[in-house]
Each structure stands twice: as structure tokens, then as C-alpha cells.
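> A single structure is presented below for examination.
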Amino acid sequence: MAKPVIAIVGRPNVGKSTIFNRLVGDRLAIVEDRPGITRDRLYGTGEWLDKPFSVIDTGGIEIDGEDEMLKSIRVQAELAIEEADVIIFMVDAKAGLTPADEEVGQLLFRSGKPVIVAVNKTDNIKLQENMYEFYSLGFGEPIPISGAHGIGIGDMLEEAVKHFPEDDEDPYGEEVIRIALIGRPNVGKSSLVNAILGEDRVIVSPVAGTTRDAIDSPFERDGQKYVLIDTAGMRKRGKVYENVEKYSVMRAMKAIERADVVLIVINGEEGIIEQDKHIAGYAHEAGRACMFVVNKWDIVEKDDKTMQRFTQTIRDHFLFMTYAPIVFLSAKTKQRLHKLLPVVSEVAEHHSMRISTSVLNDVINDAVSVTPPPTDKGRRLRINYATQVAVKPPTIVLFVNDPELMHFSYTRFLENRLRESFDFTGTPLRLITRRKASDE
Ligand code: GDP
Ligand code: GDP
Numbered sequence: 152m153a154k155p156v157i158a159i160v161g162r163p164n165v166g167k168s169t170i171f172n173r174l175v176g177d178r179l180a181i182v183e184d185r186p187g188i189t190r191d192r193l194y195g196t197g198e199w200l201d202k203p204f205s206v207i208d209t210g211g212i213e214i215d216g217e218d219e220m221l222k223s224i225r226v227q228a229e230l231a232i233e234e235a236d237v238i239i240f241m242v243d244a245k246a247g248l249t250p251a252d253e254e255v256g257q258l259l260f261r262s263g264k265p266v267i268v269a270v271n272k273t274d275n276i277k278l279q280e281n282m283y284e285f286y287s288l289g290f291g292e293p294i295p296i297s298g299a300h301g302i303g304i305g306d307m308l309e310e311a312v313k314h315f316p317e318d319d320e321d322p323y324g325e326e327v328i329r330i331a332l333i334g335r336p337n338v339g340k341s342s343l344v345n346a347i348l349g350e351d352r353v354i355v356s357p358v359a360g361t362t363r364d365a366i367d368s369p370f371e372r373d374g375q376k377y378v379l380i381d382t383a384g385m386r387k388r389g390k391v392y393e394n395v396e397k398y399s400v401m402r403a404m405k406a407i408e409r410a411d412v413v414l415i416v417i418n419g420e421e422g423i424i425e426q427d428k429h430i431a432g433y434a435h436e437a438g439r440a441c442m443f444v445v446n447k448w449d450i451v452e453k454d455d456k457t458m459q460r461f462t463q464t465i466r467d468h469f470l471f472m473t474y475a476p477i478v479f480l481s482a483k484t485k486q487r488l489h490k491l492l493p494v495v496s497e498v499a500e501h502h503s504m505r506i507s508t509s510v511l512n513d514v515i516n517d518a519v520s521v522t523p524p525p526t527d528k529g530r531r532l533r534i535n536y537a538t539q540v541a542v543k544p545p546t547i548v549l550f551v552n553d554p555e556l557m558h559f560s561y562t563r564f565l566e567n568r569l570r571e572s573f574d575f576t577g578t579p580l581r582l583i584t585r586r587k588a589s590d591e
């Protein structure tokens, strides 16, 4: 389900990224750290009193060709207005109210979105006196916070949570496979949607998705129900910021959050660029089933090795996603299009696969006897017991004598053994190490 979105807006240097880190910091720390995953500080998830949310740091959005500070914060504010459920408008207690703040304030005011003024750098009681001038922004009582000292963050979030939309009902049942198509502009996402749904039927009996501006397209094929997530957002064009790279990343993130299976669409004619990796990394980290769709295969000059070479290129670029199957096709000529949905439904199945505890432990025990776990200063990691605690993606907890003894390379080894024993094609796996209680 899409989480409520908080956007942090404000002129440079007020402390947006400091607060962003505070809100999502722990979250970023627990996601697995694998080489090849690009991370940035633009979009993250956090939680307040069991309420999960997404945070956008609009300051992290670089607007190409906009050196002018005012223009660029204006675009950032527009983005926040478009995307957020609640806007945290950050100002600086030490600097006081500036014309740039007023400018941002006016834009936000007109939007009608809920805005909370957070006066950052209120590091001590004395500085609280500087609060009063910020009332004139017209968004009610400003909240004093200090990112540096961790003051007032709870009060700020408490206020933000009040504006979260009611929990949206999940409009689809468990049996429906939710598909998101992601990829940079012009790779052929919309064409592919059209091709999948059938000629000239971009939106078939559209269903309003859980995100207020999303339009999803449900369909059924060979007895399986699917829904293409946010096909309207995909075609939303003509906005100034549509070509801002990070903006399309943000859109993609929202779709990824609501999806089971993410199709990472690549332009077969152009090959792979950094931006493709970036977006794919998000899908992987979000724990979605992932597959690559190499589109425009009709215009690629081919010999009998072309597909093999392209496959290798993808593997080289996406080292952390070797589990993702690759489908080559053409949305335009529909060549090989029939291969797509069977793979989608297969990876969706793997994504929600459950392994019984006894079988799982057999595999782990075998692996351990082939390659003993690492040691550190004479102490050896001991895995007492493994159990699958979640699906989508399959998540396995390993109870061990001391989690500190677990190495990245050994987790990787165990993951590989699991993949050899079970067909997890298309799905990431999560292996979590926990201390076995009796070994405390
Ligand atoms: P951004 O440009 O709005 O993202 O601002 P940053 O988060 O990069 O912060 C700008 C500067 O303000 C940095 O030097 C921070 O260390 C500093 N800063 C952030 N929060 C606080 C705070 O609560 N108190 C003080 N005194 N400085 C802060
Ligand atoms: P999006 O921005 O990712 O949604 O891409 P579009 O679906 O709008 O496609 C961008 C351009 O690529 C359009 O001119 C399409 O006609 C073209 N295109 C899309 N798929 C194919 C394909 O499979 N083969 C060829 N030759 N062109 C394609």
C-alpha cells in the first residue's frame, strides 16, 4: 500500500536534509547494503507510532539548468504540492524570516495542502523567542525543532500524522497481481501498457487507485487477474519538471510501493545508463519481485549472439539483481509480447512462496556442513535455527549465537544455496540474523 507522503520544503541551508536523515535514518540503516545499489537522500521511509510514511527531501532534487535559487525552490515547492499529503515547511530560527521563505510560503498557501511550519535550529530556549515572526506565514502555530539536537521532531510528526489520509481500502484482492512498469522516459512504458491491454485501450474500466491521483488498469488473462499500477501517472506529461530525472524516480517509487511485480523497462536500442540502475535499485530494496523488459527489440540489429550479449550486459550492470529474469520484446510490433505475462505470474508466485521450517533447516544445515560459518577471534558463528517469517519477499530469520559474527559473504553464500534448492526466480530474499534468546 502506498504510504502517506511527507514532503520537506524550504530554502537551502535551513536543515532539510538533516531532518530527512532523522526521519528515515534508521530505516536506511537496516536495509541490506550491497555493492551496486545507488542510494540517494531524496526519498525514504520512516515510521511514527507504528504509522509508516514516505518522506521526500525536495532539496535533494536538482533542477537541471536552474542555477537561480528562487526558481529552483519554486519548482521544488510545486513538486511537494503535487506529491505530498502533508508539507513540512522548514525555516531557520537563527536566520529568521527571509524573503525566500515568504516566497515559498505564498506558493504553499495557494495550494491548499496541509502545511506545518517547522522552525529548525531552535537549539535552546532562548532561540524560541525567534519563533513569533513565523506566525506571519499564516500556517498556524510554528513548531520549534532542532535537527542537530533531536528536539521537537516528535511534536512535528504528531502534527503531520493528523493530516494523513484515512487508510485507503485495498481495492484489489490477494489474488490480483499488481504490476508496475518503471524506467526512464521514452523507453516505451506507455506503449507497453497499450500493448498489454490491447490496442488503443490505454485505460480499461479505470479504477481509482489508493493514491489519490493514480489510475490503475485492471485486466484478466488466462484466468489470472492483474492490475497495471498508476497508468495515468505514467502518461502525465507536459509539466515543467517531467524531465527532471529525480521526479520520474519519485513517480516510480510510488508505483513500486503499490506493486507486487516491477517491470524494469530498458530501451534495447540504447542500452543501460546510470538512471536505469538507480530505479532498479529502489525496486530491489523495496523487496518487490523484479524483472527486466528489454523493449524496442524490433529495431535492434541482431545476430545469434545479441540476446546473450545483452543479457550479460544487464548482469554486469545489475550485480545485485541476478535473480531477475529478462524478457526481450517489442511493444510496437508485439514481437515476443506473449512471453511477458507468464513470467510475471511466475515471479509473483515465487515472491509469495512459503518454505516449511523443516525443509528450510535441512537446506541451511547442509549448507553449513559444506561451508562452515565464519569465525572471529576464535568464535564461530552458530546457526541454531531458521524460519521464514514473511512473504513478498520471502523473509527468513536465522537465529544465531552472535549476529556480529555473520558476514555479508556468508549471507550471500546462504542465499545462493537457498536459490539452488528452491526456485526464487524474480524475487529478492531477505535474510535477517537474530540472536537466539538463550545465548544472551
Ligand atoms: P538543507 O540545505 O536545508 O538540506 O540543510 P542541511 O540539512 O544541509 O543543513 C544546513 C546546515 O545547518 C548544516 O551545517 C547543518 O549542520 C546545520 N543544521 C541543521 N540542523 C540544525 C540545527 O538543528 N541546529 C543547528 N544549529 N544547525 C543545524
Ligand atoms: P515512455 O515514456 O516510457 O512511456 O515511452 P513511450 O511508450 O511514450 O514510447 C516512447 C517512444 O518509443 C514512442 O515514440 C514509441 O512509439 C516508441 N516505442 C515504444 N515501444 C517501441 C518498440 O517496441 N519499438 C519501437 N521501434 N519503438 C517503440
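All you need for the numbering used here is the position in the sequence shown, starting with 1, plus 151. Glycine residues also receive a C-beta, built at the ideal position from the N, C-alpha and C atoms. Please read all numbers here as calculations on a predicted model, not as lab measurements.
1) Please determine whether the Cβ atom of Gly-303 lies at a distance below 7 Å from any heavy atom of ligand 1.
2) Per DSSP, which one or two residues make a beta bridge with Arg-586?
3) With H, G and I counted as helix, E and B as strand and the rest as coil, what does DSSP make of Ala-410?
4) Please classify Leu-532: does DSSP put it in a helix, a strand, or coil?
5) Looking at the strands, I want to know which residues DSSP matches up with Ser-262.
6) Check Gly-596 in the structure and name its three-state DSSP category.
7) For the stretch 416-427 and the stretch 558-568, state whether three or more C-beta atom pairs, one from each stretch, are separated by less than 8 Å.
8) Can you say whether Glu-292 is buried or exposed, counting buried as having 16 or more other CB atoms within 10 angstroms of its CB?
9) If you run the structure through DSSP and keep just helix, strand and coil, what is Glu-371?
10) Taking only the alpha-carbon atoms, compute the straight-line gap between Asn-164 and Gly-210 and give it to the nearest angstrom.
11) Would Arg-505 and Pro-554 qualify as a contact pair, given that the criterion is a beta-carbon distance under 8 Å?
12) I need the DSSP call for Tyr-392, collapsed to helix, strand or coil.
13) In terms of residue numbering, what span does the beta strand (DSSP E) encompassing Val-444 cover?
14) Based on the DSSP secondary-structure assignment, which residues constitute the bridge partners of Thr-546?
15) Please confirm whether any heavy atom of ligand 1 lies closer than 7 Å to the CB of Val-165.
16) Helix, strand or coil: which one does DSSP assign to Asp-527?
17) Closer than 7 Å to a non-hydrogen atom of ligand 1 - does that hold for the CB of Ala-299?
18) Looking at the strands, I want to know which residues DSSP matches up with Lys-202.
19) Can you name the start and end residues of the beta strand (DSSP E) that Met-307 belongs to?
20) Taking the beta carbon of Lys-485 as the centre, do at least 16 other beta carbons fall within 10 Å, making it buried, or is it exposed?
21) With a 10 Å radius around its C-beta and 16 neighbouring C-beta atoms as the bar for buried, classify Phe-469 as buried or exposed.
22) What does the Cβ neighbour count give for Gln-279, buried or exposed, with the cut at 16 atoms within 10 Å?
To lay it out plainly:
1) The answer is no for Gly-303.
2) Bridge partners of Arg-586: Val-551.
3) coil
4) For Leu-532, the three-state secondary structure derived from DSSP is coil.
5) DSSP output for Ser-262 lists no bridge partner at all.
6) Nothing can be reported for residue 596, as the shown portion of the chain is limited to 152 through 591.
7) Contact between the stretch 416-427 and the stretch 558-568 is absent, with fewer than three C-beta pairs closer than 8 Å.
8) exposed
9) DSSP places Glu-371 within a strand segment (E or B) once states are collapsed to three.
10) 9 Å
11) The answer is no: Cβ separation not under 8 Å.
12) Note that Tyr-392 scores a pLDDT of 47, beneath 50, so its modelled location is shaky; the value from the coordinates is reported in the next line. In this structure, Tyr-392 counts as helix in the three-state DSSP scheme.
13) 440-446
14) Note: Thr-546 sits in a beta bridge opposite Ala-541 and Arg-581.
15) yes
16) strand
17) yes
18) Trp-199
19) Met-307 -> not in any beta strand (DSSP E); alpha helix (DSSP H) instead, spanning 304-313.
20) exposed
21) By the 10 Å Cβ count, Phe-469 comes out buried.
22) exposed
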